[in-house]
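Using my numbering, read the sequence shown as starting at 12 and increasing by one per residue. Note that the Cβ used here is the ideal one computed from N, Cα and C, for glycine as well. Data first, discussion second: the structure below is written as C-alpha cells.
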Amino acid sequence: MPAKLIMGTEVREKILEEITAEVAQIKKKHGVVPGLVTILVGQNPASISYVTLKVQTAHRVGFKEVQDSQSEKISEKELLALIDKYNKDDTINGILVQLPLPKHIDEKKVLNAIDPDKDVDGFHPVNVGRLMIGGKEVKYPPCTPAGIQELIVRSGVETSGAEVVVVGRSNIVGKPIANMMLQKGPGANSTVTVVHTRTKNMDLHCKRADILIVAAGVPGLVKPEWIKPGACVIDVGVNRVGEKVSEKTGKKIAILKGDVDFDAAKEIAGWITPVPGGVGPMTITMLMKNTLKSLKFKLGIA
Ligand code: NAD
C-alpha cells in the first residue's frame, strides 16, 4: 500500500491559522503584536525572494514587519550598529539577517551580535546550547528541524522509543534535528543515529529506521531498498536537477528533487514527504512561530 503523504503545504496553512488567531488574541488582551525585522544586504535574487516570502507571511499572520534593505557596500561596523539598534528596539521580537552576506562582512560576527532572545532563527551559540540542554531551556529551535518535528508529530507518528536515523550532520539540519529527537519529552524520546559521508554501510543503518530523516543534498541518495517497510521518511533535500516551463506562468522554473527516490520509496514507506511541498514550506512557518514565542516570553505568557 502506498505511503501516506505528509504535506507541508497543508500543515503550514493549519499552523499559520493558529498563529493568526493567537496574534489577534494577544493584540486584544495586551495591545501588542509580534515584531519581526528582516535585514537584507545587497540584491541577491534568491535572498530577495526568500525575504519577500518571509515579509508576506509575517503580514498574513498580523505581525509588525520591518523590511530593512541595505546596500551591499554597508560596512561590518554599520551592520553591527544596525543590529544593536534592533536589539534595543522594544517593538522588535525577532531579528533575521538574510544570508549570504557580502564577502567583506564576517557572517559569524554578525549573527553572534543578535540578542539571543531575539534570535528567532535559533543559530546563536546560546540558542544552540539551550537546544542541547533541552526541555524548558529551549527557546528557539532552528526553523527547518522544528518544522520536521512538527510534521512528524502532526502525522501521528510515534517517536517515543523509535529508531531515528538522520542522514547528514550539518549545523542547520542534521545535528539539531538529531539532538531534538533524542531529548526527553513529547515528540522526541527517540534512539538516534546520525550517518554521514564517513559512515560505513549507510544502507544498514537506514534499514533500521522507524523514522528516516534525510538531509544530505544528494538527489536520490536513499534507495528504496534502504527503507524499512512502514517507516516514516522525511526528505529534507532540495536539489535542482533541471528546468521546465511552468504551466501556470509560462516562465522557466527549476525541477526539484529530494534526496530520496520518491516514486519507489512511497511504495514501501508508511509516511513520506514529497519534494517540493513537504519540509520546504515549514521553515518560514516555524520562523513565525518562533517570533510569536519571543513576544510571549516577553509578556510572560509562553
Ligand atoms: P550541508 O551540505 O550543509 O550538509 C549535508 C550533510 O550531508 C553533510 O553533513 C554531509 O556529511 C552529508 N552528506 C552529503 N553527502 C552524503 C552522502 N553521499 N552520504 C552521506 N552523507 C552525506 O546541507 P544542509 O544545509 O544540511 O542541507 C541538506 C539538504 O537539505 C540540501 O538539499 C538543502 O537544500 C536542503 N535544505 C532544505 C531546507 C528546507 O526545505 N527548508 C532547509 C535547509 C536545507
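Cβ pair count under 8 Å reaching 3, the region 290 to 297 against the region 147 to 155: yes
Where the alpha helix (DSSP H) containing K259 begins and where it ends: Along the sequence shown, read from residue 1 onward, the residue named residue 259 stands at position 248. From DSSP, K259 is part of no alpha helix (DSSP H); its letter is neither H nor E.
Cut-off 6 Å between Cβ atoms - residues of its own chain near G179, not counting five sequence neighbours on either side: As a position in the sequence shown, residue 179 is number 168, starting the count at 1. Cβ within range, chain order: G185, A226, A227.
I266 and V256 closer than 8 Å at C-beta: Start at 1 with the first residue of the sequence shown, and residue 266 comes out as number 255. Start at 1 with the first residue of the sequence shown, and residue 256 comes out as number 245. No, these two residues do not count as a Cβ contact at 8 Å.
Which of helix, strand or coil DSSP assigns to L110: Here residue 110 is taken as the residue at index 99 of the sequence shown, counted from 1. It is coil, neither helix nor strand.
Which listed residue (F308, Q36, H135, W237) has its alpha carbon closest to that of K277: Here residue 277 corresponds to residue number 266 of the sequence shown, with the count starting at 1. Measuring from the Cα of K277, the nearest candidate turns out to be W237.
Coarse secondary structure for R11, derived from DSSP in three states: The question about residue 11 has no answer here: the residues shown for the chain are numbered 12 through 313.
Segment limits, alpha helix (DSSP H) that includes E29: Taking the sequence shown and counting its residues from 1, one reaches residue 29 at position 18. From DSSP, the alpha helix (DSSP H) with E29 extends over 19 to 41.
Cα-Cα separation, G133 to Y151: Taking the sequence shown and counting its residues from 1, one reaches residue 133 at position 122. Taking the sequence shown and counting its residues from 1, one reaches residue 151 at position 140. Taking the straight line from one Cα to the other gives about 5 Å.
Nearest to E161 (by Cα), restricted to the options P127, V137, A199: Here the question's residue 161 lines up with position 150 in the sequence shown. Cα-wise, what sits closest to E161 is A199.
Buried or exposed (CB count within 10 angstroms, at least 16 for buried), E169: As a first step, residue 169 is located in the sequence shown; it is residue number 158 there, counting from the start. So E169 counts as exposed.
Contact test: L232 Cβ vs the ligand NAD heavy atom, cutoff 7 Å: Counted from its first residue, the sequence shown places residue 232 at position 221. True, at least one ligand heavy atom lies under 7 Å from that Cβ.
R23 and T296 closer than 8 Å at C-beta: One-based indexing of the sequence shown puts residue 23 at position 12. One-based indexing of the sequence shown puts residue 296 at position 285. Their beta carbons are under 8 Å apart, which means R23 touches T296 by this criterion.
Proximity test, A242 beta-carbon vs the ligand NAD heavy atom, cut-off 7 Å: As a working mapping, residue 242 is identified with position 231 in the sequence shown. No.
Status (buried if at least 16 other CB within 10 Å, exposed otherwise) for A240: Indexing the sequence shown from 1 puts residue 240 at position 229. Here the sequence assigns Pro to residue 240, which means Ala is not the residue at that position. Exposed, since its Cβ has fewer than 16 Cβ neighbours within 10 Å.
Proximity below 8 Å, CB of I245 to CB of I159: Working through the sequence shown from its first residue, we reach residue 245 at position 234. Working through the sequence shown from its first residue, we reach residue 159 at position 148. Yes; because the gap between Cβ atoms is below 8 Å, this pair is in contact.
Bounding residues of the beta strand (DSSP E) (the contiguous stretch that carries L232): On the sequence shown, residue 232 is found 221 positions in, with the first residue counted as 1. No beta strand (DSSP E) holds L232; DSSP gives it neither H nor E.
Residue interval of the alpha helix (DSSP H) (run including E89): In the sequence shown, counting from the first residue as 1, residue 89 sits at position 78. Run containing E89: 87 to 99, per the alpha helix (DSSP H) assignment.
Cβ-Cβ separation, I50 to V131 (assumed contact under 8 Å), whole Å: Within the sequence shown, residue 131 is the residue found at index 120, counting from 1. Within the sequence shown, residue 50 is the residue found at index 39, counting from 1. Not a contact, Cβ separation roughly 13 Å.
Where H41 falls, given that 16 or more other Cβ within 10 Å makes a residue buried: Numbered from 1 along the sequence shown, position 30 holds the residue referred to as residue 41. Exposed.
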